[in-house]
Amino acid sequence: MEDNKRRDFIKNVGVGAAALGTAGLAGVLSSCKGQKQEESKEAVKETPKAKTYTWKMATTWPPHFPMLGESADNIAKWVDEMSNGRLKIDVYGGGELVPPLGVFDAVSQGTVEMGHGAAYYWAGKSPAAQFFAAVPFGFNAQSINAWLLSGGGMELWEELYAKFNMKPFVAGNTGVQMGGWFNKEINSMDDLKGLKMRIPGLGGKVLAKAGGNAVLVAGGEIYTNLDRGVIDATEWVGPYHDLKMGFYKAAKYYYYPGWHECGTALECMVNLNAWNELPDDLKAIVEAATYKSNMWMLSEFEAKNNDALKTLINEHKVQLKQFPEEVLKELKKLAHEVLEEVAASDPMSRKVYDSFLEFQKNIYAWNKVTEEPYQKLKYL
């Protein structure tokens with residue numbers, strides 16, 4: 191009898207304890223739930239709305255200019271989309287906010303937060319800048335991307351632009367350009383003497399060494415200068431652009447190859463103070479947009495240039511001509527002299543050019559067993 195009572199007691203105590211425990215746990219859970227709800231409400235109240243930013247971008251190109259100006263427009267659009275409107279960039283074409291060749295100073299001084307152009311326009315600020323756009327007889331698009339993004343070139347570019355309170359990004363590439371439009375035939379080096387040609391950067395220095403006169407003219411002014419005889423020749427980009435610019439109306443000889451610009455990199459530069467204010471996710475978005483623009487622009491040029499060239503030849507009767515081999519050989523020798531002179535002009539130029547040469551040696555050795563044999567096979 192006693193044993194039965196003991197068993198019932200223990201059983202009742204166990205059930206009661208379990209019930210008590212369950213009730214207590216339910217109470218605790220209910221209390222926690224209420225506390226979490228209150229904390230959640232407080233968190234909603236205290237979480238500040240994500241900060242938004244509005245930047246201005248000045249470009250060296252005419253407003254919304256095909257591919258070049260479009261690249262700037264696209265970067266602004268993609269940044270807006272990826273950031274869900276947290277970073278908006280208002281784009282201004284050359285002359286709308288600052289002169290086309292005033293973009294570097296505007297970004298450096300913080301007048302605008304961002305700029306879009308080509309680094310060889312800023313040779314007067316630093317000779318080393320030219321290496322990050324185009325080098326005569328230098329890298330094609332594939333190789334300059336490799337040098338910049340995987341061969342140490344970008345680190346050098348950042349080091350250079352930091353002195354001017356800016357951060358650079360590669361934001362496009364034209365691919366191999368054409369040699370330019372001339373109002374007379376080029377049969378020998380003598381034909382370059384006294385020639386007034388719109389040609390920027392290191393290519394312009396090579397022309398000057400050959401006895402010509404290099405003139406730097408913004409894109410929107412080239413046609414008028416060529417048509418009026420202010421210049422005798424001009425290079426610009428390639429058939430797609432040249433057709434739209436109407437250069438065939440002002441000069442009839444169209445030369446190739448573009449020895450002076452074998453794969454010109456375009457840039458997006460950001461004021462460092464503005465950059466440092468951005469949170470990390472917006473920095474990553476800006477970088478992603480410039481990367482996308484780099485590939486987008488090269489793809490557009492590659493896809494459209496040949497059709498435009500056929501139109502120039504077949505419809506507008508343009509005379510397509512190749513520079514004589516002896517002219518190209520001499521220009522290459524002069525280019526080497528110019529590059530050594532630029533490298534000797536200041537320590538930063540020497541540092542950049544040494545990196546360029548080392549990578550060029552490496553990439554050319556690889557190309558000899560890959561690209562060159564393939565090019566020959568294609569035409570067998």
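For the sequence shown, my numbering gives the first residue as 191, with consecutive numbering after it. In this text, a Cβ means the ideal position worked out from N, Cα and C, and glycines have one as well. In this text the structure is predicted, and so the values were computed from the model without any measurement.
Which residue marks the beginning of the alpha helix (DSSP H) containing Val-288, and which one marks its end? Looking up residue 288 in the sequence shown gives position 98. Where Val-288 is concerned, there is no enclosing alpha helix (DSSP H), given that its DSSP letter is neither H nor E.
Report the CB separation of Val-366 from Arg-388 in whole angstroms; it is logged as a contact under 8 Å. The residue given as residue 366 occupies position 176 in the sequence shown. The residue given as residue 388 occupies position 198 in the sequence shown. That belief does not hold up - the Cβ atoms of Val-366 and Arg-388 are roughly 19 Å apart, past 8 Å.
How many Å lie between Met-356 and Leu-529 at the Cα? The sequence position of residue 356 within the sequence shown is 166, counting from 1. The sequence position of residue 529 within the sequence shown is 339, counting from 1. If I take the Cα positions, the gap works out to 25 Å.
For the region 406-472, list the alpha helix (DSSP H) runs that are entirely contained and at least 4 residues long, ordered along the chain. 412-417, 429-435, 462-467
Quick check on DSSP: helix, strand or coil for Arg-540? Taking the first residue of the sequence shown as 1, we reach residue 540 at position 350. In this structure, Arg-540 counts as helix in the three-state DSSP scheme.
Where DSSP assigns a beta bridge to Phe-616, which residues make up the other side? Any property of residue 616 remains undetermined from this structure, which presents the chain solely from 191 to 570.
Using 10 angstroms around the beta-carbon of Lys-374, count the other beta-carbons present and answer buried if the total reaches 16, otherwise exposed. In the sequence shown, the residue the question calls residue 374 occupies position 184. With fewer than 16 other Cβ atoms inside 10 Å of its own Cβ, Lys-374 counts as exposed.
Report the residue from Tyr-351, Asn-335, Pro-289 whose alpha carbon sits nearest the alpha carbon of Ala-309. Stepping through the sequence shown from its first residue, residue 309 is reached at position 119. For Ala-309, the nearest C-alpha among the options comes from Tyr-351.
CA-to-CA distance, Gly-384 to Asn-377, given in whole angstroms: As a working mapping, residue 377 is identified with position 187 in the sequence shown. As a working mapping, residue 384 is identified with position 194 in the sequence shown. Answer to the nearest angstrom: the Cα atoms are 15 Å apart.
In this structure, does DSSP put Phe-546 in helix, strand or coil? As a position in the sequence shown, residue 546 is number 356, starting the count at 1. In this structure, Phe-546 counts as helix in the three-state DSSP scheme.
Short of 6 Å in beta carbon distance, which residues of its chain neighbour Ala-296, apart from the five on each side in sequence? Order them along the chain. As a position in the sequence shown, residue 296 is number 106, starting the count at 1. For Ala-296, where only same-chain residues beyond five positions count, the Cβ hits under 6 Å are Ala-248, Val-288, Val-302.
By a C-beta neighbour count over all protein chains shown, 10 Å radius and 16 as the cutoff for buried, is Asn-264 buried or exposed? Start at 1 with the first residue of the sequence shown, and residue 264 comes out as number 74. With 16 or more other Cβ atoms within 10 Å, it is buried.
Would you call the CB atoms of Lys-442 and Val-508 closer than 8 Å? Taking the first residue of the sequence shown as position 1, residue 442 is located at position 252. Taking the first residue of the sequence shown as position 1, residue 508 is located at position 318. Cβ distance < 8 Å, so Lys-442 and Val-508 count as in contact.
Would Tyr-444 pass as a contact of Leu-510 if the rule is Cβ separation under 8 Å? The sequence position of residue 444 within the sequence shown is 254, counting from 1. The sequence position of residue 510 within the sequence shown is 320, counting from 1. With respect to Leu-510, Tyr-444 sits close: the two C-beta atoms are nearer than 8 Å.
Start-end ranges of the beta strand (DSSP E) lying completely within the region 240-312, minimum 3 residues: 243-249, 277-282, 304-307
Quick one: what does DSSP say Phe-359 is sitting in, helix, strand or coil? Along the sequence shown, one-based indexing puts residue 359 at 169. Three-state result, Phe-359: strand.
Please list the terminal residues of the continuous beta strand (DSSP E) segment that includes Gln-512. Looking up residue 512 in the sequence shown gives position 322. That run of the beta strand (DSSP E) goes 509-512.
Would you report the Cα separation of Trp-337 and Leu-433, rounded to the nearest angstrom? Sequence index remark: in the sequence shown, residue 337 carries index 147 (1-based). Sequence index remark: in the sequence shown, residue 433 carries index 243 (1-based). Using only the alpha carbons, I get a separation of about 31 Å.
Give every residue of the same chain whose Cβ lies closer than 7 Å to the Cβ of Glu-562, excluding the five residues on either side of it in the sequence, and list them in chain order. For this step, residue 562 is matched to residue 372 along the sequence shown. Within the same chain, Glu-562 has no close Cβ partners at all.
How is the alpha helix (DSSP H) around Lys-145 delimited, first residue to last? Lying outside 191 to 570, the shown extent of the chain, residue 145 is not represented and no answer is given.
Exposed or buried, which one is Asp-422 when buried takes at least 16 other CB atoms within 10 Å? The residue given as residue 422 occupies position 232 in the sequence shown. Its Cβ being crowded by 16 or more others within 10 Å, Asp-422 is buried.
Could you tell me the alpha carbon to alpha carbon distance between Ala-324 and Glu-271, rounded to whole angstroms? Mapped onto the sequence shown, residue 324 falls at position 134. Mapped onto the sequence shown, residue 271 falls at position 81. One alpha carbon belongs to Ala-324, the other to Glu-271, and they sit about 31 Å apart.
What residues are listed by DSSP as bridge partners for Asn-403? Start at 1 with the first residue of the sequence shown, and residue 403 comes out as number 213. Beta-bridge pairing links Asn-403 to Lys-386.
Where Lys-439 and His-431 are concerned, what is the direct C-alpha to C-alpha distance, given to the nearest angstrom? Walking along the sequence shown from the start, residue 439 turns up at place 249. Walking along the sequence shown from the start, residue 431 turns up at place 241. So the alpha carbons of these two residues sit roughly 14 Å apart.
Measuring straight from C-alpha to C-alpha, what distance separates Leu-219 and Cys-458? The residue you call residue 219 lines up with position 29 of the sequence shown. The residue you call residue 458 lines up with position 268 of the sequence shown. Caution is warranted here: a pLDDT of 40 is assigned to Leu-219, below 50, making its placement in the model unreliable, and the coordinate value is therefore given only provisionally. The straight-line gap from Cα to Cα measures roughly 55 Å.
CB-CB under 7 Å to Ala-331, same chain, minus the five flanking residues each way: which ones, in chain order? Taking the first residue of the sequence shown as 1, we reach residue 331 at position 141. Excluding sequence neighbours, Ala-331 sits near Asn-363, Gly-365, Gly-453, Leu-488.
If you follow the alpha helix (DSSP H) that Gln-320 is part of, which residue opens it and which one closes it? In the sequence shown, counting from the first residue as 1, residue 320 sits at position 130. Taken as a continuous stretch (DSSP letters only), Gln-320 belongs to no alpha helix (DSSP H), as it is neither H nor E.
Reduced DSSP category for His-526 - H, G, I as helix; E, B as strand; rest coil: Start at 1 with the first residue of the sequence shown, and residue 526 comes out as number 336. The answer is helix: DSSP assigns His-526 an H, G or I state.
Should Val-407 be counted as a contact of the ligand PLP given a C-beta to heavy atom distance under 7 Å? The ligand PLP is not part of the structure shown, which contains no ligands of any sort.
Is there contact between the region 541-552 and the region 316-323, where contact requires at least three CB pairs shorter than 8 Å? Put simply, the region 541-552 touches the region 316-323. At least three CB pairs are less than 8 Å apart.
Within 10 angstroms of its Cβ, does Ala-534 collect 16 or more other Cβ (buried), or is it exposed? The residue you call residue 534 lines up with position 344 of the sequence shown. Its Cβ having fewer than 16 others within 10 Å, Ala-534 is exposed.
Residue range of the alpha helix (DSSP H) that includes Glu-349: Within the sequence shown, numbered from 1, the residue matching residue 349 stands at position 159. Looking at the DSSP string, the run of the alpha helix (DSSP H) that includes Glu-349 is 343-352.
Locate the alpha helix (DSSP H) running through Gln-332, then write down its first and last residues. By 1-based counting over the sequence shown, the position of residue 332 is 142. Where Gln-332 is concerned, the enclosing alpha helix (DSSP H) stretches over 331-340.
Let me confirm a value: Met-368 is counted as buried when at least 16 other C-beta atoms fall within 10 Å, else exposed. Which label applies? Here residue 368 refers to the residue found at position 178 of the sequence shown. Flag for Met-368 reads buried.
Would you check if the distance between the CB atom of Trp-347 and the CB atom of Pro-358 is smaller than 8 Å? On the sequence shown, position 157 is the one that residue 347 refers to. On the sequence shown, position 168 is the one that residue 358 refers to. Against a cut-off of 8 Å, the Cβ pair of Pro-358 and Trp-347 comes out as a contact.
Distance between Pro-469 and Tyr-413 (C-alpha atoms, nearest Å): Position 223 of the sequence shown, counting from 1, holds the residue named residue 413. Position 279 of the sequence shown, counting from 1, holds the residue named residue 469. Rounded to whole angstroms, Tyr-413 to Pro-469 spans 43 Å at the Cα level.
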